[in-house]
Structure formats: structure tokens, C-alpha cells
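Engineer: If you count by our numbering, then the sequence shown holds residues -1 to 132, one letter each, in order. Using N, Cα and C, we set each Cβ at its ideal position, and we do this for glycine too. Because the structure is a prediction, the values reported are computed rather than measured.
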Amino acid sequence: MSDQDGKRFIDPEALSAPAGYSHVVEAPAGWLVYISGQVPIDRNGALVGAGDIGAQTRQVFENLSAALVAAGASWSDVVKLGYFLVDVGDLATVRAIRDEYVDTELPPASTLVEVSRLFREDVLIEVEAIAVKG
């Protein structure tokens, strides 16, 4: 168990060791920020990285960063990420890019779901976030 800004990151011994996420994040009451699933579409509405999971993932995390800033939050405020991947075989690439943004010592809780398709056939990843501002 570790603490950061009043948040507790807990990995119970009764659960398996997590790979780059926390099993439980307890956050004090604060201002909640819910960020809709972000996809690899730039501010002009253009797809970034057709067929390239690395480029798409980076754009998704840049979009999440912009959303956090707009809400007056930062990556240290993120307590939960939800991933939707067309191919779970891309997980290593997604994790490597994710680790450039999140605190890898106290990572947010997360869920990953492999889906048959997202809202457009050329979109390979979507990620949503929940943040708690103190």
C-alpha cells in the first residue's frame, strides 16, 4: 500500500501481482473528472496512425492529456483507466506508451477489454479515464 496526495494505492496480497496497474485506488472525496473514451483522432478530426497501434496509442494519450488539462487536472489525479483494444496482442505497445504518462510507481486502477470493433474500422484503441482532484 502506498499513498499519494491522500490517495491510497492498494494491491491486496490475496490478489495476483498487477502488471502496470493498481488493483485498488482509494481517493478522498474531491472533484471527480470523467473523461470520455478518447480515440486516435486529432483536433481537426483526422485519424492519426492508420494501422499503427503505437501512433494511435500515443494520440489517445495526448488527447487524454489535453482533456485533463482542460479540467484543471493532471495525470497524477487519474485513478482509473479503461482500455478497449481491437487486438489484445498489442498490449505490450500500449503499456510502453502508457508508462510515459502515468506514475508507474503508483499506477491507476484499470480495465482492459478486447473488442471486435470500435466505432470506426480503422480505430484500434479507445481509452477512458477517471480523475479525482483534491
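Contact between the region 51 to 58 and the region 104 to 117: three or more CB pairs below 8 Å?
Structural biologist: no
Engineer: Measuring CB atoms only, is the region 113 to 131 touching the region 77 to 91, in the sense that at least three cross pairs come out at less than 8 Å?
Structural biologist: yes
Engineer: With burial defined as no fewer than 16 other Cβ atoms inside 10 Å of the residue's Cβ, what is the status of residue 13: buried or exposed?
Structural biologist: Residue 13 sits at position 15 when you count from the first residue of the sequence shown. Classification of residue 13: exposed, given that the 10 Å Cβ count is below 16.
Engineer: I need the DSSP call for residue 59, collapsed to helix, strand or coil.
Structural biologist: Taking the sequence shown and counting its residues from 1, the one referred to as residue 59 is at position 61. It is helical.
Engineer: Look at the Cβ atom of residue 21, then the Cβ atom of residue 33, and state whether they are nearer than 8 Å.
Structural biologist: As a working mapping, residue 21 is identified with position 23 in the sequence shown. As a working mapping, residue 33 is identified with position 35 in the sequence shown. No. Outside cutoff.
Engineer: Using 8 Å for Cβ pairs, my map puts residue 18 next to residue 75. What's the rounded Cβ distance?
Structural biologist: Translated into the one-based positions of the sequence shown, residue 18 becomes position 20. Translated into the one-based positions of the sequence shown, residue 75 becomes position 77. So it is not a contact: roughly 18 Å between Cβ atoms.
Engineer: Cutting at 6 Å between CB atoms, please list the residues of its own chain near residue 37, excluding the five before and the five after it.
Structural biologist: The sequence position of residue 37 within the sequence shown is 39, counting from 1. Closer than 6 Å at Cβ, skipping near neighbours: 121, 124.
Engineer: Per the DSSP calculation, residue 82 is bridged to which residue(s)?
Structural biologist: On the sequence shown, position 84 is the one that residue 82 refers to. Residue 82 is bridged to 111, 124.
Engineer: Let's see if you can read the secondary structure: which residues bound the alpha helix (DSSP H) around residue 92?
Structural biologist: Here residue 92 is taken as the residue at index 94 of the sequence shown, counted from 1. First-last of the alpha helix (DSSP H) with residue 92: 89 to 96.
Engineer: Quick one: Cα of residue 42 to Cα of residue 64, how far?
Structural biologist: For the purposes of this step, residue 42 is taken as residue 44 along the sequence shown, with counting starting at 1. For the purposes of this step, residue 64 is taken as residue 66 along the sequence shown, with counting starting at 1. If you take the alpha carbons of residue 42 and residue 64, they lie about 14 Å apart.
Engineer: From the DSSP output, which residues share a beta bridge with residue 101?
Structural biologist: Against the sequence shown, residue 101 aligns to sequence position 103. Paired residues: none, contrary to the question.
Engineer: For residue 61, I'd like the list of residues in its chain whose CB is within less than 6 Å of its CB, leaving aside the five on either flank, ordered along the chain.
Structural biologist: For the purposes of this step, residue 61 is taken as residue 63 along the sequence shown, with counting starting at 1. Contacts found: 36.
Engineer: Classify residue 59 as buried or exposed, calling it buried when 16 or more other Cβ atoms lie within 10 Å of its own Cβ.
Structural biologist: Taking the sequence shown and counting its residues from 1, the one referred to as residue 59 is at position 61. It is buried - the Cβ of residue 59 has at least 16 other Cβ atoms within 10 Å.
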